[in-house]
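To keep things clear, I will list the structure first and then write my remarks on it.
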Amino acid sequence: MVELEGLSVTYGAGPTLVRAVIDVSLRISAGDALGLVGESGSGKSTVLRAIAGLIPHAAGSVVIDGRELPNHRPRESRKIMQMVFQDPYGSLHPNQTVDQALSAPIAIHRLGNAEKRIMAFLDEVGLGREHRYRYPHQLSGGQRQRVAIARALILEPKILLLDEPTSALDVSVQAEILNLLTRLRRDHGLTMLMVSHDLAVIAHICDHIGVMHSGRLLEMTTAAALAEGRVSNPHSQQLLRANQGFDASGGIVDVAA
Amino acid sequence: MSATGLRSGAPTGWSGWLLDPAPASRHQARCGRWYRGWLGLSRNGLAMTGLVIVLALVLVALFAPLFADHAAAFTQTLTDRLKPMSWAHPFGTDELGRDIYARVVFGSRITLTIVTLVSLIVVPLGLGIGLPAGYFGGWIDAVLMRITDIFLAFPRLVLALAFAAALGPGIENAVIAISLTAWPPYARLARAETLTRRNAEFIEAAELQGASHLRILFTQIVPLCLPSVIIRLTLDMAGIILTAAGLGFLGLGAQPPAPEWGAMVSSGRQYLLDQWWVATMPGIAIFVVSLGFNLLGDGLRDVSDSRAG
Amino acid sequence: MSDDPLLTVRNLRVVYPGDDGDFRAVRNLSFSLGRERLGIVGESGAGKSTTGRAIMGLIPYPGRVDADEMRLGKIDLTRLDEKGFRRLRGKRIAMVLQDPKYSLDPVMTVGKQIAETHRYHFGSRKKAARAAAMEMLEAVHIRDPARVYNQYPHQVSGGMGQRIMIAMMLIANPDILIADEPTSALDVSVQQQVLAIMDEMVKSRGMGLILISHNLHLVSSFCDRVLVMYAGQIVEVCDVGRLHEALHPYTRGLLAALPELGNRRAELPQLQRDPAWLLDLPAAVGAVAWSN
Chain A
1 MVELEGLSVT YGAGPTLVRA VIDVSLRISA GDALGLVGES GSGKSTVLRA
51 IAGLIPHAAG SVVIDGRELP NHRPRESRKI MQMVFQDPYG SLHPNQTVDQ
101 ALSAPIAIHR LGNAEKRIMA FLDEVGLGRE HRYRYPHQLS GGQRQRVAIA
151 RALILEPKIL LLDEPTSALD VSVQAEILNL LTRLRRDHGL TMLMVSHDLA
201 VIAHICDHIG VMHSGRLLEM TTAAALAEGR VSNPHSQQLL RANQGFDASG
251 GIVDVAA
Chain B
1 MSATGLRSGA PTGWSGWLLD PAPASRHQAR CGRWYRGWLG LSRNGLAMTG
51 LVIVLALVLV ALFAPLFADH AAAFTQTLTD RLKPMSWAHP FGTDELGRDI
101 YARVVFGSRI TLTIVTLVSL IVVPLGLGIG LPAGYFGGWI DAVLMRITDI
151 FLAFPRLVLA LAFAAALGPG IENAVIAISL TAWPPYARLA RAETLTRRNA
201 EFIEAAELQG ASHLRILFTQ IVPLCLPSVI IRLTLDMAGI ILTAAGLGFL
251 GLGAQPPAPE WGAMVSSGRQ YLLDQWWVAT MPGIAIFVVS LGFNLLGDGL
301 RDVSDSRAG
Chain C
1 MSDDPLLTVR NLRVVYPGDD GDFRAVRNLS FSLGRERLGI VGESGAGKST
51 TGRAIMGLIP YPGRVDADEM RLGKIDLTRL DEKGFRRLRG KRIAMVLQDP
101 KYSLDPVMTV GKQIAETHRY HFGSRKKAAR AAAMEMLEAV HIRDPARVYN
151 QYPHQVSGGM GQRIMIAMML IANPDILIAD EPTSALDVSV QQQVLAIMDE
201 MVKSRGMGLI LISHNLHLVS SFCDRVLVMY AGQIVEVCDV GRLHEALHPY
251 TRGLLAALPE LGNRRAELPQ LQRDPAWLLD LPAAVGAVAW SN
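Chains as they are written, first to last, in my numbering: chain A, 1 to 257; chain B, 1 to 309; chain C, 1 to 292.
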């Protein structure tokens with residue numbers, strides 16, 4: 001369903017050139033969930049945005065459902081994949097009600113039946129009639145994220161991209177959203193690509209996990225292998241250790257600027 | 001001390017409907033939002049004073065005949081020249097025997113006309129130039145901003161004078177002249193706001209849905225830029241009124257016998273020492289109205305800051 | 001070092017009046033802090049940051065702070081005005097916030113900011129302040145302090161920025177450090193380092209540390225004692241590493257709701273909020289004797 005071949009993304013030019021993503025290749029079968037982990041600056045979010053077409057890729061190809069997608073995406077091609085962003089505060093327009101946020105994609109693609117669709121998807125994500133006309137600042141973080149998910153699903157995409165969808169949420173809310181995502185994936189047969197720095201969250205949702213560092217995909221592994229510590233790359237091991245809580249034995253490392 | 005829950009004392013009635021946390025329609029949601037803003041503004045004493053002054057200007061301008069006698073403002077009675085303040089003439093009379101109070105009242109119409117026309121020109125023009133510059137960037141930004149820079153480089157009054165002199169005297173030309181010099185800061189402001197929001201995730205989400213640039217600009221970015229532009233305009237209003245008065249003072253604005261406040265100050269100059277009321281009364285009017293707009297603008301900015309923060 | 005608690009709080013109350021009614025952010029909170037690492041965990045809105053700010057007198061108008069007792073050693077915090085608090089901040093109690101990008105002045109070099117703090121508290125001369133700042137930079141394990149001294153906040157990484165904040169906040173030798181989500185904006189491996197540095201500094205100076213966070217595992221593996229807050233009250237107190245023995249259904253619910261590497265469940269048990277948890281606990285039930 002999703003195929004990346006030698007994908008590279010660069011920012012700037014000449015002396016300020018930044019190679020955000022270097023030669024990344026991966027495959028996701030239909031209905032599968034793949035996770036990308038890594039620290040900030042590893043390029044995982046950039047890969048996601050390149051697949052979504054939000055930023056252009058400098059080299060390599062993005063093939064979705066058998067068709068290679070160019071840098072400039074035509075409107076029709078948007079329907080096949082949608083994205084849920086990290087910050088529930090930033091992904092909804094502050095001056096638009098939930099109703100307006102959900103009506104916009106329907107209007108853009110002239111889908112019709114707006115009333116039914118909006119109510120149906122609000123229901124799917126566990127929100128009610130009372131939330132429909134609220135503004136984002138009147139909703140909790142979890143509720144905002146549900147709206148973002150509803151907005152992503154209202155175009156009935158086949159692929160869902162998720163950029164740290166629960167990082168900004170409380171533990172109890174995170175559990176609700178993760179359960180929601182699991183259920184939606186099952187009910188709609190979605191293919192998912194999720195990015196996170198939290199190994200436990202990724203392992204919960206995704207079957208296959210890719211570890212990224214400094215723009216490169218270091219290794220592909222599975223949730224089971226991670227749990228057993230069967231990772232070969234030292235960066236992956238470091239990531240694994242750091243996720244286990246405070247470990248005083250590590251000692252303090254001097255840092256230079 | 002309540003045993004349960006964290007909140008106590010929720011409102012009912014009208015304000016209950018407006019502050020309802022679960023609005024049932026777009027209309028209710030929007031009204032609720034405006035109401036909350038109003039509550040914030042109404043707490044600020046100075047802002048309310050400003051609002052009262054501005055409303056007073058509008059009322060006096062619209063219903064001028066109710067406040068003063070039209071004839072008194074225009075009829076020249078040379079025997080009544082330069083009379084001091086009295087019951088018959090609350091602000092005294094000017095050098096042609098006209099009642100200054102009546103002239104100030106009818107002059108408010110001219111002030112309001114200028115202020116309204118300038119706003120209607122400057123806001124769309126500023127947004128129209130600043131928004132695409134910030135949104136598209138690149139050469140569009142460069143070209144539009146250099147044009148803006150050129151207009152900004154001239155001192156406002158001098159440029160207004162030049163335009164007014166070129167176009168000829170008269171109120172419409174004064175409005176055009178002021179607008180042509182006042183728009184650049186709004187373009188800069190719109191551009192700055194757009195640049196700040198340009199990479200927000202909700203814009204990315206809209207792009208991802210396939211929204212066209214036009215749709216994004218109008219439905220997403222304009223509503224974000226509008227508050228700061230309006231606040232700037234309110235604060236700028238004093239400057240606009242003073243520029244108009246300056247043009248009037250130099251004879252380039254409304255022509256006699258129109259009771260334009262600046263022109264009145266100008267013609268009253270020569271009598272300043274002995275019959276001070278001729279120039280001072282319209283001067284006070286200019287001052288009060290400018291102050292009113294300033295206070296209102298400050299209050300609006302405080303309200304929008306607290307909501308955006 | 002005496003055995004008296006550094007900070008004593010009894011029945012702290014923080015209320016925010018609003019258009020929609022009064023909001024009670026903190027309700028009858030009681031605890032003591034000794035020379036130990038105390039963690040305060042909870043979800044957003046639980047009141048943990050509010051508690052930290054109330055101790056430092058940073059609750060903005062129109063919020064109201066009130067307590068039966070709030071003492072820093074011998075100083076009664078409930079009677080202090082803004083001037084009084086300003087004498088305490090930095091000198092007796094210090095606070096490290098989440099994102100050094102926002103806490104550091106962007107137009108001044110980091111070294112100068114640390115030196116300024118020293119001059120503000122001690123009235124020292126420029127050279128002495130600079131020397132003290134360099135010493136602090138070394139104390140937080142920054143390898144090239146002279147070079148970092150001249151850098152601007154935007155030139156340093158997040159982890160480095162937090163080390164600089166710690167240096168700045170501890171230069172006046174306060175008794176208590178309140179760290180409000182100090183590692184939430186950092187990468188996991190950097191988090192470890194920053195916590196280790198805080199630990200070293202706190203231990204070597206005999207300070208008390210209050211670590212406020214939403215990250216249960218991190219706090220329970222780092223702190224000596226953990227206070228679990230919900231809706232403005234303390235619902236449970238746990239010792240280090242004993243979080244899994246928690247009794248209160250809220251704490252147990254939170255732990256169960258965390259996804260666990262190696263234990264994949266089809267569905268994460270969702271926290272069932274019992275409205276009974278919102279009831280006011282009897283005053284001073286939450287009061288806890290401090291421990292060595």
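Glycine included, every Cβ here is placed at the ideal spot set by N, Cα and C.
Report the three-state DSSP secondary structure of Cys238(C) (helix, strand or coil).
Position 238 of the third sequence, counted from the first residue, corresponds to residue 238(C). Three-state DSSP puts Cys238(C) in a strand.
In terms of residues, what are the limits of the beta strand (DSSP E) holding Leu48(A)?
Locating residue 48(A) in the first sequence gives position 48, counting from the first residue. Looking at the DSSP string, Leu48(A) is not in any beta strand (DSSP E); the run it does join, the alpha helix (DSSP H), is Lys44 to Ala52.
Give the range of the alpha helix (DSSP H) segment to which Met48(B) is assigned.
By one-based count along the second sequence, residue 48(B) stands at place 48. Its alpha helix (DSSP H) spans residues Gly45 to Leu62.
Quick one: which unbroken beta strand (DSSP E) runs of 3-plus residues sit fully inside the stretch 75-145 of chain B? Chain order, please.
none
According to DSSP, is Arg73(A) helix, strand or coil?
By one-based count along the first sequence, residue 73(A) stands at place 73. Reduced to three states, the DSSP call for Arg73(A) is coil.
Taking the Cβ atom as the reference point for each residue, do Pro153(C) and Pro106(C) lie within a distance shorter than 8 Å?
Stepping through the third sequence from its first residue, residue 153(C) is reached at position 153. Stepping through the third sequence from its first residue, residue 106(C) is reached at position 106. Contact: yes.
Ordered list of beta strand (DSSP E) runs contained in the stretch 70-118 of chain C, each at least 3 residues:
93-96
Rounded to a whole number of angstroms, what is the C-alpha to C-alpha distance between Ser184(C) and Gln191(C)?
Translated into positions along the third sequence, residue 184(C) becomes position 184. Translated into positions along the third sequence, residue 191(C) becomes position 191. When rounded, the distance between both Cα atoms is 8 Å.
Following a CB-centred definition, is Tyr152(C) positioned closer than 7 Å to any heavy atom of the ligand GTP?
With respect to small molecules bound, the structure shown includes none, and the ligand GTP cannot be examined in it.
Quick check: the Cα distance between Pro275(C) and Ile59(C), rounded to an integer number of angstroms?
Reading the third sequence from its first residue, position 275 is the one you call residue 275(C). Reading the third sequence from its first residue, position 59 is the one you call residue 59(C). In a straight line, the C-alpha of Pro275(C) is about 28 Å away from that of Ile59(C).
Closer than 8 Å to chain A by CB, Arg301(B):
As a working note, residue 301(B) is residue 301 in the second sequence. Not closer than 8 Å to any Cβ of chain A, the Cβ of Arg301(B) fails to qualify, so no.
Would you decide whether Thr116(B) is buried or exposed? Buried here means 16 or more other CB atoms lie within 10 Å of its CB.
For this step, residue 116(B) is matched to residue 116 along the second sequence. Per the 10 Å Cβ criterion, exposed.
At which residues does the beta strand (DSSP E) containing Gln82(A) begin and terminate?
The residue you call residue 82(A) lines up with position 82 of the first sequence. Taken as a continuous stretch (DSSP letters only), the beta strand (DSSP E) holding Gln82(A) covers Met81 to Val84.
Cβ of Ser45(A) within 8 Å of Cβ of Asp163(A)?
Position 45 of the first sequence, counting from 1, holds the residue named residue 45(A). Position 163 of the first sequence, counting from 1, holds the residue named residue 163(A). Yes, the pair counts as a contact, with Cβ atoms nearer than the cut-off.
Looking at chain C, is there any beta carbon in it that lies within less than 8 Å of the beta carbon of Ser77(A)?
Within the first sequence, residue 77(A) is the residue found at index 77, counting from 1. Closer than 8 Å: no.
Burial state of Asp19(C) (16 or more Cβ within 10 Å)
Within the third sequence, residue 19(C) is the residue found at index 19, counting from 1. Answer is exposed; the Cβ neighbour count stays below 16.
Taking 8 Å as the cut-off, decide whether the C-beta atoms of Glu51(C) and Leu77(C) are in contact.
Here the question's residue 51(C) lines up with position 51 in the third sequence. Here the question's residue 77(C) lines up with position 77 in the third sequence. Reading off the sequence shown, one finds Thr at residue 51(C), where the question assumed Glu. In this structure, Leu77(C) does not lie closer than 8 Å to Thr51(C) by Cβ.
With a threshold of 8 Å, are at least 3 pairs of Cβ atoms found where one atom belongs to the stretch 163-179 of chain C and the other to the stretch 109-122 of chain C?
yes
When the Cα atoms are used, what is the spatial distance from Val171(A) to Ile202(A)?
Position 171 of the first sequence, counting from 1, holds the residue named residue 171(A). Position 202 of the first sequence, counting from 1, holds the residue named residue 202(A). About 15 Å.
Please specify which runs of the alpha helix (DSSP H), each continuous and at least 4 residues long, are wholly inside the stretch 260-299 of chain B, giving them in chain order.
261-268
CB contact check: Thr182(A) to chain C, cutoff 8 Å
Counting from one through the first sequence, the residue named residue 182(A) turns up at place 182. Chain C contact via Cβ: present.
Give a yes or no on whether 8 Å exceeds the smallest Cβ distance from Gly16(B) to chain A.
Locating residue 16(B) in the second sequence gives position 16, where the first residue counts as 1. Chain A, which has no Cβ nearer than 8 Å to the Cβ of Gly16(B), makes this no.
Spatially closest choice to Ile150(B) from Gln275(B), Ile121(B), Ala182(B) and Val175(B), by CA coordinates
Sequence index remark: in the second sequence, residue 150(B) carries index 150 (1-based). Looking at the Cα atoms, Ala182(B) is the closest of the given residues.
So, with DSSP's three-state summary, where would you put Val9(C)?
Position 9 of the third sequence, counted from the first residue, corresponds to residue 9(C). Here Val9(C) sits in strand by DSSP.
Measure the C-alpha to C-alpha separation of Ile216(B) and Phe246(A) and round it to an integer number of angstroms.
Here the question's residue 216(B) lines up with position 216 in the second sequence. Here the question's residue 246(A) lines up with position 246 in the first sequence. Their Cα atoms are separated by approximately 45 Å.
Classify Met237(B) as helix, strand or coil using the three-state DSSP reduction.
Within the second sequence, residue 237(B) is the residue found at index 237, counting from 1. Helix, per DSSP.
Residues bridged to Gly35(A) [DSSP beta-bridge criterion]
Locating residue 35(A) in the first sequence gives position 35, counting from the first residue. Partner(s): Met194(A) and Ile209(A).
Less than 8 Å separating the beta-carbons of Gly262(C) and Ala227(A)?
What you label residue 262(C) is simply residue 262 of the third sequence in a count that begins at 1. What you label residue 227(A) is simply residue 227 of the first sequence in a count that begins at 1. Contact: yes.
So the beta strand (DSSP E) Leu195(C) belongs to, where does it begin and stop?
The residue labelled residue 195(C) in the question sits at position 195 within the third sequence. No beta strand (DSSP E) contains Leu195(C), which is instead part of the alpha helix (DSSP H) from Val188 to Arg205.
Considering only residues of the same chain and omitting the five flanking positions on each side of Ser61(A), which have a CB-CB separation below 6 Å?
Locating residue 61(A) in the first sequence gives position 61, counting from the first residue. The residues are Glu5 and Glu68.
Name, in chain order, the residues that DSSP records as bridge partners for Gly59(A).
The sequence position of residue 59(A) within the first sequence is 59, counting from 1. In the sequence as presented, Gly is not what sits at residue 59(A); that position holds Ala. DSSP output for Ala59(A) lists Ser8(A) as bridge partner(s).
For Arg27(C), which three-state DSSP category applies?
If you number the third sequence from 1, residue 27(C) lands on position 27. Arg27(C) falls in the strand class under three-state DSSP.
Residues of the stretch 159-191 of chain A in Cβ contact with chain B at a cutoff of 7 Å, in chain order, please.
none
Whole-angstrom distance between Arg71(C) and Val9(C), CA atom to CA atom:
Taking the third sequence and counting its residues from 1, one reaches residue 9(C) at position 9. Taking the third sequence and counting its residues from 1, one reaches residue 71(C) at position 71. Each residue's Cα considered, the two are about 7 Å apart.
Does Leu224(B) pass the burial test, meaning 16 or more other C-beta atoms within 10 Å, or should it be called exposed?
Walking along the second sequence from the start, residue 224(B) turns up at place 224. Per the 10 Å Cβ criterion, buried.
According to DSSP, is Asn263(C) helix, strand or coil?
Reading the third sequence from its first residue, position 263 is the one you call residue 263(C). Note: Asn263(C) maps to strand in three-state DSSP.
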